[in-house]
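Peer 1: Pasting a structure here, questions to come.
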Amino acid sequence: MDALREWLATTPMAQGMDPELLTGLAMLTFASLVLVGVALAAMIFIWCERKIAGYMQSRYGPMYTGRFHGWLQSIADGVKLLLKEDIWPANADKLLFRIGPLLVFTGAFLGYAVLPFSPTWVGANLDIGLLYAFAASSLVVTGVLAAGWGSNNKWSLFGAMRGAAQVVSYEIPLGLAVLPIVMSVGTLNLSQLIIAQQGYIWNWHVFNPIFFFAFFLYLISSLAEVNRLPFDLPETESELVSGYHTEYTGMKFAFFFLGEYADMFVVSAIAVTVFLGGWYTGIPAVDNFVHPAVVFIGKSVLLVMVQIWLRWTLPRLRVDQLMFVCWKVFIPATLGLVFLYGLSRVILR
Amino acid sequence: MTDLQLSERTATMPGDQARPLKSDLLHINMGPQHPSTHGVLRLFITTDGEIVHTVTPYLGYLHRCAEKIAEGTTWHQYIVYTDRMDYLAAMNCNWGYCEAVEQLMRATGTEVEIPEYAQCVRVIIAELNRIASHLIAFGTYGLDLGAMTPFFYALREREAILNIFEKVCGARLMYSYYDIGGVKWDIPPDAMEEIKLFLKIFPKKLVEYNALLTENKIFVERLANVGVLDRETAIAYGCTGPVLRGSGVDWDLRRDEPWGIYDRFDFEVAIGRGQMGTLGDNWDRYYVRMLEMEQSVKIIEQAIAMMPAEGEIMAKMPRTLKVAPGEIFVRTEAPKGEMGFHIISDGGAEAFRCKTRSPAFHNLHVLEKLGEGQMISDLCATIGSLDLVLGEIDR
Chain A
1 MDALREWLAT TPMAQGMDPE LLTGLAMLTF ASLVLVGVAL AAMIFIWCER
51 KIAGYMQSRY GPMYTGRFHG WLQSIADGVK LLLKEDIWPA NADKLLFRIG
101 PLLVFTGAFL GYAVLPFSPT WVGANLDIGL LYAFAASSLV VTGVLAAGWG
151 SNNKWSLFGA MRGAAQVVSY EIPLGLAVLP IVMSVGTLNL SQLIIAQQGY
201 IWNWHVFNPI FFFAFFLYLI SSLAEVNRLP FDLPETESEL VSGYHTEYTG
251 MKFAFFFLGE YADMFVVSAI AVTVFLGGWY TGIPAVDNFV HPAVVFIGKS
301 VLLVMVQIWL RWTLPRLRVD QLMFVCWKVF IPATLGLVFL YGLSRVILR
Chain B
1001 MTDLQLSERT ATMPGDQARP LKSDLLHINM GPQHPSTHGV LRLFITTDGE
1051 IVHTVTPYLG YLHRCAEKIA EGTTWHQYIV YTDRMDYLAA MNCNWGYCEA
1101 VEQLMRATGT EVEIPEYAQC VRVIIAELNR IASHLIAFGT YGLDLGAMTP
1151 FFYALREREA ILNIFEKVCG ARLMYSYYDI GGVKWDIPPD AMEEIKLFLK
1201 IFPKKLVEYN ALLTENKIFV ERLANVGVLD RETAIAYGCT GPVLRGSGVD
1251 WDLRRDEPWG IYDRFDFEVA IGRGQMGTLG DNWDRYYVRM LEMEQSVKII
1301 EQAIAMMPAE GEIMAKMPRT LKVAPGEIFV RTEAPKGEMG FHIISDGGAE
1351 AFRCKTRSPA FHNLHVLEKL GEGQMISDLC ATIGSLDLVL GEIDR
């Protein structure tokens, strides 16, 4: 953001402008850039997912819209959703029904503020960046609950209750999984976490044996956090008929959709930041030639693709199994890792 | 917890004594438009959160008076209506009805000699349709549990079968291919080649399915020990087909009460063994179908081997068929279970009464018992394991 502010200061428009106004302008510019970027990225992810799903299922996926492999399909869908009638279920809680999708999208969108795309491309280089990102993404569950309750539909309510239980539970192993790295680096600042992994590829945290397991646990918990298969219990199109967003149409539905894909990118980007060396390619000589943002986004997109791959391969868990895995396997395991790492620090000191 | 206990379990908010918070059971309609009920089945379920207390199926959304229609159509015309019963295995339904009429004719003194060639064709086509039906059961079962990809794999292979059927009789879903006294058309040579090719490829695909879904850890966890249907209950409720065999009952009409030329084939009857959990759980019922597909391939191979190079496809039948007065009940093994036709003839050109005993109708009964105390997700899995087709439940 600082880079953006400096660049804005050089433009003729900003000559003689109040510095605080300039900062505000920079913030607004950044937010709109991210908003457009997120929406665009989500559209690309949706198209990718459909093509990958098609490839995995021996079919083509979108083929017609925009001639070349249906590349305009997501935009066409977006336009369709914009033009759709906005339907309100009878006796819906007007306020909750309206703010549900907004909260979901906001929660996913807030996380982007701290993502360190490159050493200079950071919205807000917070010292508690990691904590902030987790806190922001847990806002999603409020939206899910509001949507499920506000819809006045029993199936939606089921989905919302499942979603609340699931997201609240899985935040614990998610946070605990990154704790050993925070202990190691000694900061919650995302940029600092990446800088700690500078150099050759074996400096990445994922290649540390203890951190490797933490990465594994983080990856699985993050699937639950963003409600993706095999943990998509709040949606479960075959049981709850799409769960909490059954009753939504048009743009409200699109917000849920965008929120999901935006959130997928956030959790992937945090995994890249904490475990996979962030914007470093792993070979110092190459780092000078590739733009760090390209590396960072590339790695994150790769992880998003892993999420998509898992979705189209696995069946889903049952709700009690999901809770069992979280409370009886993941939380003890992540706690154990924290303990183990602490122990190793004490012994190896 | 009983319903009574639940309704008595009340909580009060501090300072709000006048309006106690009441905890109650949730009454939900599952269906008739619900993706997991495999058609227009409506289940009325009462739940306590995720736990299902009671399940009550309501039928009739697809009722077309098929049995009554039999009394107003000629013997031949009714074949078309049997297609619409189990629309995923129309060939087997056709055969069940034709077999019943033929046996009634034999029982009442009319000679019906089905040519050897036609008998082989009947077995080949029926077993192919059995595979197609089980493929749908397999694919949609994956869908019920959230795995979408197996469904497309299953449809891909089913497509090959449908292409064969299209070449054989021109239809892809409602075949009306079997006729009283034989079959309507011969299998064209190119379709025969396709069948042979399919038999070569299909066993490999089964291995793929098992790797993708059957042995998947999550899949097994979801199904093992869930929806356990014990032997006695299965028999008491009149379950048949894979549902019965999944409970470990070694009963298959193709072997135990053979019709047509089924007594000549060498195949194993697949039964559930409780490999992954309890005998008769959802996984067993599912796996029986997978094993049956393997056996069907074996049967088709034998049928092709014993098929004469050429022959008649129809027995000598009178132009207008009239069946002498009499009554018969004939049951055949359709993919879903025992498809039975109880036909009463008063000597006319149409049936006096034609009662259908459809397998899924009887298999559905057991859901009420299985569903008690399950979670909603398991209820979906149990419905899928029964492999219901509403077309034959409602008729």
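Going down the list, the protein sequences come from chains A and B.
Each residue of the first sequence is one higher than the one before, starting from 1 at the first, in the numbering used here.
Each residue of the second sequence is one higher than the one before, starting from 1001 at the first, in the numbering used here.
Note that CB positions come from ideal geometry on N, CA and C, so glycine has one too.
At a Cβ cut of 7 angstroms, what residues of the segment 34–65 of chain A count as close to chain B, listed as they run along the chain?
Peer 2: So the close ones are 56, 57, 58, 59.
Peer 1: Below 7 angstroms on C-beta distance, what does residue 1377(B) contact in chain A?
Peer 2: Near residue 1377(B) (Cβ distances below 7 angstroms), the residues of chain A are 239, 318, 319.
Peer 1: Mapping DSSP to helix, strand and coil, what is residue 1196(B)?
Peer 2: Residue state, collapsed to three classes: helix.
Peer 1: At 3 residues or longer, what runs of the beta strand (DSSP E) sit wholly inside the segment 147–171 of chain A?
Peer 2: You should have found no qualifying run.
Peer 1: Are the beta-carbon atoms belonging to residue 337(A) and residue 180(A) less than 9 angstroms from one another?
Peer 2: Yes, these two residues count as a Cβ contact at 9 angstroms.
Peer 1: Mind reading off the beta-carbon distance from residue 239(A) to residue 1036(B)? Whole number of angstroms is fine, and I expect it under 8 angstroms.
Peer 2: Confirmed, about 6 angstroms.
Peer 1: Quick check on this structure: which residue in 263(A), 102(A), 249(A) has the alpha carbon closest to the alpha carbon of residue 81(A)?
Peer 2: Checked all of 263(A), 102(A), 249(A); the closest Cα to residue 81(A) is 249(A).
Peer 1: With a threshold of 9 angstroms between beta-carbons, can residue 1146(B) be considered close to chain A, or not?
Peer 2: Cβ-Cβ to chain A under 9 angstroms: yes for residue 1146(B).
Peer 1: Starting from residue 1044(B), follow its DSSP beta bridges and name the residues at the other end.
Peer 2: Answer is 1029(B), 1056(B).
Peer 1: Sort 1258(B), 1272(B), 1260(B), 1238(B) by Cα distance to residue 1247(B) and report the nearest one.
Peer 2: Out of 1258(B), 1272(B), 1260(B), 1238(B), 1272(B) has the C-alpha closest to the C-alpha of residue 1247(B).
Peer 1: Tell me whether the beta-carbon of residue 310(A) lies closer than 9 angstroms to the beta-carbon of residue 228(A).
Peer 2: Contact: yes.
Peer 1: Is residue 248(A) near the ligand MN, going by C-beta to nearest heavy atom under 8 angstroms?
Peer 2: No copy of the ligand MN occurs in the structure displayed, which carries no ligand at all.
Peer 1: Between the alpha carbons of residue 55(A) and residue 62(A), how many angstroms are there, rounded?
Peer 2: Roughly 11 angstroms between the two C-alpha positions.
Peer 1: Spell out the partners DSSP gives residue 1329(B) in its beta bridges.
Peer 2: In the DSSP output, where bridge partners are listed per residue, residue 1329(B) has 1342(B).
Peer 1: Give a yes or no on whether the minimum CB-CB distance between residue 1149(B) and chain A is below 9 angstroms.
Peer 2: Output row for residue 1149(B): interface = yes.
Peer 1: Any residues in the segment 1325–1357 of chain B with a beta carbon nearer than 9 angstroms to a beta carbon of chain A? Which ones, in chain order?
Peer 2: Flagged: no residues at all.
Peer 1: Given this structure, state the Cα-to-Cα distance separating residue 92(A) from residue 149(A), to the nearest angstrom.
Peer 2: Cα to Cα, residue 92(A) sits roughly 8 angstroms from residue 149(A).
Peer 1: Identify whether residue 1337(B) lies in helix, strand or coil by the three-state DSSP scheme.
Peer 2: Note: residue 1337(B) maps to strand in three-state DSSP.
Peer 1: As a quick exercise: from 282(A), 79(A), 192(A), 325(A), pick the residue whose alpha carbon is nearest that of residue 126(A).
Peer 2: For residue 126(A), the nearest C-alpha among the options comes from 192(A).
Peer 1: How would you call residue 1210(B), buried or exposed, if buried means at least 16 neighbouring beta carbons within 10 angstroms?
Peer 2: The residue is exposed, with fewer than 16 neighbouring Cβ atoms inside 10 Å.
Peer 1: Residue 1342(B) to residue 95(A), Cα distance in whole Å?
Peer 2: Rounded to whole angstroms, residue 1342(B) to residue 95(A) spans 60 angstroms at the Cα level.
Peer 1: Span of the beta strand (DSSP E) holding residue 1098(B)?
Peer 2: Unbroken run through residue 1098(B) is the alpha helix (DSSP H), 1090–1107; no beta strand (DSSP E).
Peer 1: Does residue 1178(B) come out as helix, strand or coil in the three-state DSSP assignment?
Peer 2: Reduced to three states, the DSSP call for residue 1178(B) is strand.
Peer 1: Going by alpha carbons, who is nearest to residue 1062(B) out of 1168(B), 1039(B), 1372(B)?
Peer 2: Looking at the Cα atoms, 1039(B) is the closest of the given residues.
Peer 1: Taking C-alpha atoms, which residue in 272(A), 161(A), 158(A) lies nearest to residue 211(A)?
Peer 2: Of 272(A), 161(A), 158(A), the residue nearest in Cα terms is 272(A).
Peer 1: Around the C-beta of residue 17(A), are 16 or more other C-beta atoms found within 10 angstroms, so that it is buried, or is it exposed?
Peer 2: The residue in question, residue 17(A), is exposed, as its Cβ has fewer than 16 Cβ neighbours within 10 Å.
Peer 1: Please report the Cβ distance between residue 1101(B) and residue 1323(B), rounded to the nearest whole angstrom; I am assuming they are in contact, meaning their Cβ atoms lie under 8 angstroms.
Peer 2: Yes, residue 1101(B) and residue 1323(B) are in contact; Cβ-Cβ is about 7 angstroms, under 8 angstroms.
Peer 1: Could you work out which residues of chain A lie near residue 1216(B), taking near to mean beta carbons separated by less than 8 angstroms?
Peer 2: The answer, in chain order, is 314, 315.
Peer 1: Under 9 angstroms, do residue 1366(B) and residue 1145(B) count as touching if we go by C-beta distance?
Peer 2: Cβ atoms of residue 1366(B) and residue 1145(B): not closer than 9 angstroms.
Peer 1: Using a Cβ-Cβ cut-off of less than 9 angstroms, give me the residues of the segment 224–250 of chain A that come near chain B, in sequence order.
Peer 2: Cβ contacts with chain B come from 229, 230, 232, 233, 236, 237, 238, 239, 240, 241.
Peer 1: Mind checking residue 346(A): buried by the 16 CB within 10 Å criterion, or exposed?
Peer 2: Per the 10 Å Cβ criterion, exposed.
Peer 1: Specify the secondary structure class of residue 1002(B) as computed by DSSP and reduced to three states.
Peer 2: At residue 1002(B), the pLDDT of 44 sits below 50, so the modelled position is not reliable; the number obtained from the coordinates is stated separately. Coil.
Peer 1: Using a Cβ distance threshold of 8 angstroms, determine whether the segment 1224–1238 of chain B contacts the segment 1373–1386 of chain B, with at least three qualifying pairs required.
Peer 2: Because the criterion of three Cβ pairs below 8 angstroms is met, the segment 1224–1238 of chain B and the segment 1373–1386 of chain B touch.
Peer 1: Quick one: is residue 1197(B) buried, meaning 16 or more other Cβ sit within 10 Å of its Cβ, or exposed?
Peer 2: Its Cβ having fewer than 16 others within 10 Å, residue 1197(B) is exposed.
Peer 1: Of all Cβ atoms in chain A, is any one closer than 9 angstroms to the Cβ of residue 1380(B)?
Peer 2: For residue 1380(B), the answer is yes, since a Cβ of chain A falls inside 9 angstroms of its Cβ.
Peer 1: Give the residues from the segment 1016–1050 of chain B that approach chain A closer than 7 angstroms (Cβ to any Cβ), ordered along the chain.
Peer 2: Residues passing the 7 angstroms Cβ filter: 1026, 1028, 1034, 1035, 1036, 1050.
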